[in-house]
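> Quick note: the sequence shown uses the numbering used here, first residue 96, plus one each step.
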Amino acid sequence: MSNRRKFWALFAVFMMLTLATFTWLFIEAYVAMPQVDSGTLSWFKHYSGFVVAAIFILLLILAQIWSWLEKSLIEPASKLERQTSIIANIASDHHIDIGSGHWFGELPDTVQKLGDSLSKTRREVREALATGAHGVERLEMVIKKLKTGIIVCDGEARILLYNSAVQDIFSGHNMGLGLDRSLYGLLTRLPVETTINHLLEEQNSSTAKKIEEASFYCSIAKSDILLDCTLALLPDHNINQSMFVMTLADVTRNMEALQRKDRLIRNSLDKFSSPMANIRAAAENLVSHPDIDVQTRDSFHKIISQEVATLSDLFYMASKEAQSIASGHWMLRDTNTSDLFLMLDRHLNKSGGPKVVMGGEPRWIQADATALLMALESVIFNIAQKSGCQTITIESLIGDALVYLDLTWSGEPIPAATVELWQKQAIIGGGDMTLGEVVERHGGAIWSQKHRCDGQSILRIPVPISTRQWQQPKEEIPERPEFYDFSRRDSTKELGRLAASSLSDLTFVVFDTETTGLNPSGGDEIISIAGVRIVNGRILTGEIFKELVDPGLPIPKSSTKIHGISNAMVAGAPGIDTVLPRFKEFTAGAVLVAHNAAFDMRFLQLKEESSGVWFDNPVLDTLLLSVYLHEDVIDHTLDGIAGRLGVEVQDRHTALGDAMVTAQAFLKLLKLLKNKGVTSLGLAIEASENMIQIRKQQEKARY
96 MSNRRKFWAL FAVFMMLTLA TFTWLFIEAY VAMPQVDSGT LSWFKHYSGF
146 VVAAIFILLL ILAQIWSWLE KSLIEPASKL ERQTSIIANI ASDHHIDIGS
196 GHWFGELPDT VQKLGDSLSK TRREVREALA TGAHGVERLE MVIKKLKTGI
246 IVCDGEARIL LYNSAVQDIF SGHNMGLGLD RSLYGLLTRL PVETTINHLL
296 EEQNSSTAKK IEEASFYCSI AKSDILLDCT LALLPDHNIN QSMFVMTLAD
346 VTRNMEALQR KDRLIRNSLD KFSSPMANIR AAAENLVSHP DIDVQTRDSF
396 HKIISQEVAT LSDLFYMASK EAQSIASGHW MLRDTNTSDL FLMLDRHLNK
446 SGGPKVVMGG EPRWIQADAT ALLMALESVI FNIAQKSGCQ TITIESLIGD
496 ALVYLDLTWS GEPIPAATVE LWQKQAIIGG GDMTLGEVVE RHGGAIWSQK
546 HRCDGQSILR IPVPISTRQW QQPKEEIPER PEFYDFSRRD STKELGRLAA
596 SSLSDLTFVV FDTETTGLNP SGGDEIISIA GVRIVNGRIL TGEIFKELVD
646 PGLPIPKSST KIHGISNAMV AGAPGIDTVL PRFKEFTAGA VLVAHNAAFD
696 MRFLQLKEES SGVWFDNPVL DTLLLSVYLH EDVIDHTLDG IAGRLGVEVQ
746 DRHTALGDAM VTAQAFLKLL KLLKNKGVTS LGLAIEASEN MIQIRKQQEK
796 ARY
């Protein structure tokens, strides 16, 4: 109960006691009237009106005193308590303002000085930690840059750490990827679990030389992506709860290449055997029977000729297949032509070579970038020497499943014989590697021809196009995405009933929706939904959900003015029945949090049957929590809460922007809840439910 309510309750009791006392005295006097003399009775009757008036005046004086106490003591005390709590738990640089006319003298200024001192101390500590960053922060910086996928899990296979390479591996399958989530939602369970149990048995055995790591193949759940995994246990005081670290590498293409190579060998042996047998039989007959007739001899010659032609065709097809397999070798990586051309320009400038002019749009290719760079450098030097032209343009053009690297110059094309000779020569800086080997590795050919512009020629080198060329660019992630959290280890233990779970141990998904209107039951639809995960009191900016939704009906212009989402923006977007199952997977095992959550939850609940997913997650509402903590405040809008708690508001009225603001405000509300003894999910929900009636009363008071 707040101080204001306590004072009101005390005043009400005092007033009731005062009124009851005067009422009792009046009744006693009235009952005694027949027993008193006529003079006394006459006096009482004469002055009874004055007595009632005196009582009324007394009550007015008490009310005035209360009003004075309210403005000078009670209201300033409530403001001071609330703002001091914000300084102590959330924003130590918060400015105290309790108005004028209070009885607290210099106390607010003293508290403000304490807050400023606390803010300065905290800032110095943060700067010291930033300056002397080490340990986990350094580990994060190293792991983040590694190209090998790394995941660290606890003894229950819940993810404690992962790097950006893991995100790339699970791209398109990553709805289950996140801190505090089970690894078994990402990978097939049996290979991982079997390997862990094998290593645990080794650790518990008496063998002198124990196996500390194991390699195995495992596939991504519900996909045909094959991973090469290495798993090692991390030392722990409780061997059955040891953490483990895994490295992951996508070897799907490698395995496919090996399978293709195996099929090529088997098929070649099968197909070559018959022509070879026929040639051998014909040759043996010619040698064994030199005197056979001319007609028979010609038949054997014809058989040999036909079978040699067949072998030649088979060999050509086998070589093309082998070349295709070689072009898909693991050394080929996604490379952007802009990066390749910039490196080429630097190399030529350093070596005093011809000037390169870069043209065309950047393209994504599959290339052995180092070998291709040296090959291009060699070709440019050869062109300059042959044509005498010292300025050469290089650009990339998209062809049929290929990207053409075109070198253009003023002059005549390079003769085919010269190009053939170049391919046999070693490339600059490549040791014994020839230009032909580089071209063959990339599965193409090299040729020169006249350019469409008069007086110019081109030399074209085809290279494989990358599937990344057609993918939408990834959304930028902040410089230090929170991909690690070792402290989740203890909070994953079962704590009993969910209501008794500590708020600090829970995973939250803070979400928001944008809609066509404000009436879910009247036909309005969701057009955007976004969420962000909170684990161990940290907003994971690398784990967000954001989807536009086609509502299946026109978006009113009045709504577009608020959230900026137009009909053109949602055209082609998935429907709500497609998006909600994805959002459900993102929220698995988490407590849902929203501002004015009843509004957003109503939209979700109306679509549960059609989408086939039900949101039975516990729900917390930042609006109700704010009412519980600051019930003397009228403004509990998202902007009002953010301003009160020192949260910067950005991208307002966008689903992701509002979700991020709500998440930051929620974390600060959690600190204030802890300060008031609300530390479990059950207590937070109970506090919220108790505030519903108060909120309704506040809404009535506003209108």
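A virtual CB, placed ideally from N, CA and C, is assigned to each residue, including glycine. Note that the coordinates shown come from a computational prediction; the quantities given were computed from them, not determined experimentally.
When you compare the CB positions of L767 and L715, do they come within less than 8 Å of one another, or not?
Here residue 767 refers to the residue found at position 672 when the sequence shown is read from its first residue. Here residue 715 refers to the residue found at position 620 when the sequence shown is read from its first residue. No, the pair does not count as a contact, with Cβ atoms beyond the cut-off.
> Using 8 Å as the threshold, is the C-beta distance between T503 and I487 below it?
Along the sequence shown, read from residue 1 onward, the residue named residue 503 stands at position 408. Along the sequence shown, read from residue 1 onward, the residue named residue 487 stands at position 392. Cβ atoms of T503 and I487: closer than 8 Å.
> Determine, using beta-carbon pairs with one atom in the stretch 655–665 and one in the stretch 291–298, whether at least three such pairs fall under 8 Å.
Contact between the stretch 655–665 and the stretch 291–298 is absent, because fewer than three Cβ pairs lie under 8 Å.
> Quick check for students: name the residue ranges of the beta strand (DSSP E) that lie wholly in the stretch 520–560, counting only runs of 3 or more.
For the stretch 520–560, whole beta strand (DSSP E) runs of length 3 or above, ordered along the chain, are 542–545, 551–559.
> Leaving out the 5 sequence neighbours to the left and right, which residues in its chain are closer than 6 Å to I671 when beta-carbon positions are compared?
Against the sequence shown, residue 671 aligns to sequence position 576. Excluding positions up to five away in sequence, the list reads I621, V644, K702.
> List the whole-angstrom C-beta distance separating M529 from A540, where the pair is believed to meet the contact cut-off of C-beta under 8 Å.
Residue mapping note: residue 529 aligns to position 434 of the sequence shown, counting from 1. Residue mapping note: residue 540 aligns to position 445 of the sequence shown, counting from 1. Note that residue 529 is Thr in the sequence shown here, rather than Met. About 14 Å separates the two Cβ atoms, so there is no contact after all.
> Alpha carbons only, please: which of S266, A260, I246, I264 is nearest the one belonging to R276?
Along the sequence shown, read from residue 1 onward, the residue named residue 276 stands at position 181. For R276, the nearest C-alpha among the options comes from I246.
> If I measure Cβ to Cβ from G550 and keep anything under 7 Å in the same chain, skipping five residues before and after, which residues do I get?
Here residue 550 refers to the residue found at position 455 of the sequence shown. So the list reads S505, once near-sequence residues are dropped.
> To the nearest angstrom, how far is it from the Cα of N258 to the Cα of L364?
Residue 258 sits at position 163 when you count from the first residue of the sequence shown. Residue 364 sits at position 269 when you count from the first residue of the sequence shown. Whole-angstrom Cα-Cα distance: 45 Å.
> If you scan the stretch 280–347 from start to end, which runs of the alpha helix (DSSP H) of 4 or more residues do you find wholly inside it?
For the stretch 280–347, whole alpha helix (DSSP H) runs of length 4 or above, ordered along the chain, are 284–299.
> Please go through the stretch 458–521 and give each complete alpha helix (DSSP H) segment of 4 or more residues, from N-terminal end onward.
Whole alpha helix (DSSP H) segments, 4+ residues: 464–482, 511–518.
> Excluding the 5 residues preceding and the 5 following L764 in the sequence, name in chain order all residues of the same chain whose CB lies nearer than 7 Å to its CB.
By 1-based counting over the sequence shown, the position of residue 764 is 669. So the list reads T717, L720, S721, L724, once near-sequence residues are dropped.
> Whose C-alpha, out of S491, M469, S173, T673, is nearest the C-alpha of V452?
The sequence position of residue 452 within the sequence shown is 357, counting from 1. Nearest of S491, M469, S173, T673 to V452, Cα basis: S491.
> Go through the stretch 696–737 residue by residue and report every complete run of the beta strand (DSSP E) that reaches 3 residues or more, in order.
714–716, all fully within the stretch 696–737.
> Alpha carbon to alpha carbon, how far is V261 from E307?
The sequence position of residue 261 within the sequence shown is 166, counting from 1. The sequence position of residue 307 within the sequence shown is 212, counting from 1. One C-alpha to the other measures close to 23 Å.
> Under the three-state reduction of DSSP, which class applies to G637: helix, strand or coil?
Position 542 of the sequence shown, counting from 1, holds the residue named residue 637. Strand.
> Could you round the C-beta distance between I399 and A378 to whole angstroms and report it? I think they count as a contact, below 8 Å.
In the sequence shown, the residue the question calls residue 399 occupies position 304. In the sequence shown, the residue the question calls residue 378 occupies position 283. That belief holds up - the Cβ atoms of I399 and A378 are roughly 7 Å apart, short of 8 Å.
> Does A689 come out as helix, strand or coil in the three-state DSSP assignment?
Counting from one through the sequence shown, the residue named residue 689 turns up at place 594. If DSSP states are grouped into helix, strand and coil, A689 belongs with the strands.
> Indicate the three-state DSSP secondary structure (helix, strand or coil) for D600 in the structure shown.
On the sequence shown, residue 600 is found 505 positions in, with the first residue counted as 1. Reduced to three states, the DSSP call for D600 is helix.
> Per DSSP, T430 forms a beta bridge with which residues?
Taking the first residue of the sequence shown as 1, we reach residue 430 at position 335. According to DSSP, which records beta bridges pairwise, T430 is partnered with I460.
> Short of 8 Å in beta carbon distance, which residues of its chain neighbour P286, apart from the five on each side in sequence? Order them along the chain.
For the purposes of this step, residue 286 is taken as the residue at position 191 of the sequence shown. Cβ neighbours of P286 beyond the five flanking positions: F311, Y312, C313, C324.
> By alpha-carbon positions, which one of Q178, L175, N292, S337 ends up nearest to D249?
Position 154 of the sequence shown, counting from 1, holds the residue named residue 249. Nearest C-alpha to D249: S337.
> Let's see if you can read the secondary structure: which residues bound the beta strand (DSSP E) around S623?
Position 528 of the sequence shown, counting from 1, holds the residue named residue 623. Per DSSP, S623 belongs to the beta strand (DSSP E) from 621–630.
> Given this structure, state the Cα-to-Cα distance separating A737 from L256, to the nearest angstrom.
For this step, residue 737 is matched to residue 642 along the sequence shown. For this step, residue 256 is matched to residue 161 along the sequence shown. Going from the Cα of A737 to the Cα of L256 covers about 31 Å.
> Per DSSP, which residues does V605 bridge with? Please list them.
Walking along the sequence shown from the start, residue 605 turns up at place 510. V627, V688, per the DSSP bridge assignment.
> Restricting to Cα atoms, I'd like to know which of L343, L329, P457, V688 is closest to I320.
Taking the first residue of the sequence shown as 1, we reach residue 320 at position 225. Taking only the C-alpha atoms, the option nearest I320 is L343.
> Looking at the structure shown, is R441 part of a helix, part of a strand, or coil, going by DSSP?
If you number the sequence shown from 1, residue 441 lands on position 346. Helix at R441.
> Under a three-way DSSP split, which group does P573 fall into?
Position 478 of the sequence shown holds residue 573. Low confidence applies to P573: its pLDDT is 42, below 50, so where it sits in the model is not reliable, and the reading given next is rough at best. Reduced to three states, the DSSP call for P573 is coil.
> Considering just the uninterrupted stretch of the alpha helix (DSSP H) at V674, what are its terminal residues?
Mapped onto the sequence shown, residue 674 falls at position 579. That run of the alpha helix (DSSP H) goes 671–681.
> Starting from I657 and walking both ways along the beta strand (DSSP E), at which residues does that stretch end?
By one-based count along the sequence shown, residue 657 stands at place 562. Taken as a continuous stretch (DSSP letters only), I657 belongs to no beta strand (DSSP E), being part of the alpha helix (DSSP H) at 652–658.
> Hey, how far is the Cα of E201 from the Cα of L164?
As a working note, residue 201 is residue 106 in the sequence shown. As a working note, residue 164 is residue 69 in the sequence shown. Approximately 18 Å between the Cα atoms of the pair.
> Taking the CB atoms as reference points, tell me whether S651 and G618 lie closer together than 8 Å.
What you label residue 651 is simply residue 556 of the sequence shown in a count that begins at 1. What you label residue 618 is simply residue 523 of the sequence shown in a count that begins at 1. At residue 651 the sequence reads Pro, which differs from the Ser that was named. Contact flag unset, no.
> Let me know if M111 comes out buried or exposed under the rule of 16 or more other beta-carbons within 10 Å of its beta-carbon.
Along the sequence shown, one-based indexing puts residue 111 at 16. With fewer than 16 Cβ atoms within 10 Å of its Cβ, M111 is classed as exposed.
> Taking the beta carbon of G526 as the centre, do at least 16 other beta carbons fall within 10 Å, making it buried, or is it exposed?
As a first step, residue 526 is located in the sequence shown; it is residue number 431 there, counting from the start. When all chains shown are included, G526 counts as exposed.
> Excluding the 5 residues flanking F606 on each side, which residues of the same chain have their C-beta closer than 6 Å to its C-beta?
The residue given as residue 606 occupies position 511 in the sequence shown. Here the set comprises G626, A689, A754.
> From the DSSP output, which residues share a beta bridge with G210?
Sequence index remark: in the sequence shown, residue 210 carries index 115 (1-based). DSSP lists no partner for G210.
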